[in-house]
Amino acid sequence: MTQDLQGRTVLVTGASQGLGEQVAKACAAAGATVILTARHQKKLEKVYDDIVATGAPEPFAVCFDLMTAEENEFARLADTIAQATNGKLNGVVHCASYFYALSPLDFQTVAEWVNQYRINTVAPMGLTRALLPLLKAADDASVVFVGESHSETPQAYWGGFGASKAALNYLCGVAADEWERFEHLRANVLVPGRINSPQRLRSHPGETANERKNMTDITPDFVYWLGQGSRGRSGEVVYL
1 MTQDLQGRTV LVTGASQGLG EQVAKACAAA GATVILTARH QKKLEKVYDD IVATGAPEPF
61 AVCFDLMTAE ENEFARLADT IAQATNGKLN GVVHCASYFY ALSPLDFQTV AEWVNQYRIN
121 TVAPMGLTRA LLPLLKAADD ASVVFVGESH SETPQAYWGG FGASKAALNY LCGVAADEWE
181 RFEHLRANVL VPGRINSPQR LRSHPGETAN ERKNMTDITP DFVYWLGQGS RGRSGEVVYL
């Protein structure tokens, strides 16, 4: 891994496992100081220790629950990050995701829809909004949303999850349009596709491992979209 993110500070949500963990480690390997956020303290500490053991820049680990956070909690998190990093933030990767199960609409509940929207759409908005002053103050900054193919191609049984990811695409488009006047600030959606992640194993239990890519196969793409090389590209939905 090249040092494409040398000197940058990047926050990754859902960093305690799955794609979030691998993206965080890839960013650290590329030279970034990574802010790890997730709900599970022990898992978060394990990722922290793994990164430190590689000799990469020492990360920060912040236990934070996106499901219950409101404006005040997001604002306090932003203040904590500003103090810890001396006001430096160059990127955010929204890896945290909430998926119930594939089922007909007849069986899906309002609570399931609300919780999926809460994590997959509302939390990325609330966190990005709180961190926006730091991102605007950076020399170069990138926000990456992790999307899903069913957000653009509706299909039976994907209901609330697909709808919440479609809303995430819309959120990214709005942000990119509003930020167009900021040459250094951008927002894009990356769609991982078939990868060996915990969520993919739940949504596609019939697939074999050979039908999926390793998560590390796509982490260099995240490094690119967080780095200087992607400057000027915003509002895109990119399939990896």
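Numbered per UniProt numbering, the sequence shown spans residues 1 to 240.
Glycine included, each C-beta is placed from N, C-alpha and C at the ideal position.
What you are looking at is a predicted structure, and each value in this text was computed from that prediction instead of being measured.
Own chain partners of residue i with C-beta closer than 7 Å, once the 5 adjacent residues on each side are dropped
i, result
"Gly14", "Gly20, Ala38, Cys95, Ala96, Ser97"
"Gln199", "Gly18, Ser97, Phe99"
"Thr80", "Val62"
"Pro124", "His94, Phe145, Leu168, Leu171"
"Gln22", "Met215, Thr216, Thr219"
"Gly173", "Gly235"
Best match in the options for proximity to residue i [C-alpha to C-alpha]
i, options, result
"Glu152", "Arg76, Gly87, Tyr170, Ala84", "Tyr170"
"Leu102", "Trp158, Val223, Asn214, Leu44", "Trp158"
"Leu240", "Trp225, Met125, Ala53, Gly232", "Trp225"
"Glu180", "His150, Pro192, Ala141", "Ala141"
"Lys88", "Ala69, Pro133, Glu70", "Pro133"
"Ala176", "Ile119, Arg186, Ala167", "Arg186"
"Arg194", "Arg8, Leu77, Gly147, Ala163", "Gly147"
"Glu58", "Lys165, Thr68, Trp113, Ala84", "Ala84"
"Gln41", "Ala24, Ser16, Asn210", "Ser16"
Contacts around residue i, its chain only, beta-carbon distance under 6 Å, and the 5 residues preceding and following it disregarded
i, result
"Phe161", "Phe99, Gln116"
Distance between residue j and residue i (C-alpha atoms, nearest Å)
i, j, result
"Ala111", "Ile218", "32 Å"
"Ala137", "Val92", "14 Å"
"Gly126", "Val10", "17 Å"
"Gly227", "Gln155", "34 Å"
"Arg231", "Phe182", "11 Å"
"Leu131", "Cys63", "17 Å"
"Gly55", "Lys46", "15 Å"
"Asn90", "Thr109", "38 Å"
"Lys43", "Ala61", "10 Å"
"residue 280", "Val143", "Outside the displayed span of the chain (1 to 240) sits residue 280, for which this structure offers no information."
"Glu70", "His184", "28 Å"
"Gln3", "Ala30", "4 Å"
"Leu5", "Arg212", "27 Å"
"Gly235", "Asn72", "28 Å"
"Ile119", "Leu66", "6 Å"
"Ala28", "Asp106", "44 Å"
"Asp164", "Asn86", "One point to set straight first is that residue 164 is Ser, not Asp, in the sequence displayed. Roughly 34 Å between the two C-alpha positions."
"residue 246", "Ala166", "Beyond the ends of the chain as shown, which are 1 and 240, falls residue 246; an answer cannot be given."
Residue i - DSSP class collapsed to helix/strand/coil
i, result
"Asn188", "strand"
"Ile218", "coil"
"Leu44", "helix"
"Thr54", "coil"
"Thr33", "strand"
Close beta carbons around residue i, own chain, < 8 Å, minus the five adjacent residues each side
i, result
"Val238", "Asn188, Val189, Leu190, Val191, Asp221, Trp225"
"Asp49", "none"
"Ser149", "Val191, Gly193, Tyr239"
Min CB distance residue i to chain D below 7 Å
i, result
"Val237", "Within the model displayed, chain D is absent; a lone protein chain is all it includes."
Any non-hydrogen atom of the ligand GDP within 6 Å of residue i CB
i, result
"Ala138", "Judged by which ligands are present, the structure shown has none, so any question about the ligand GDP falls away."
Whole alpha helix (DSSP H) runs in the segment 86-160 with 4 or more residues, listed along the chain?
110-117, 123-137
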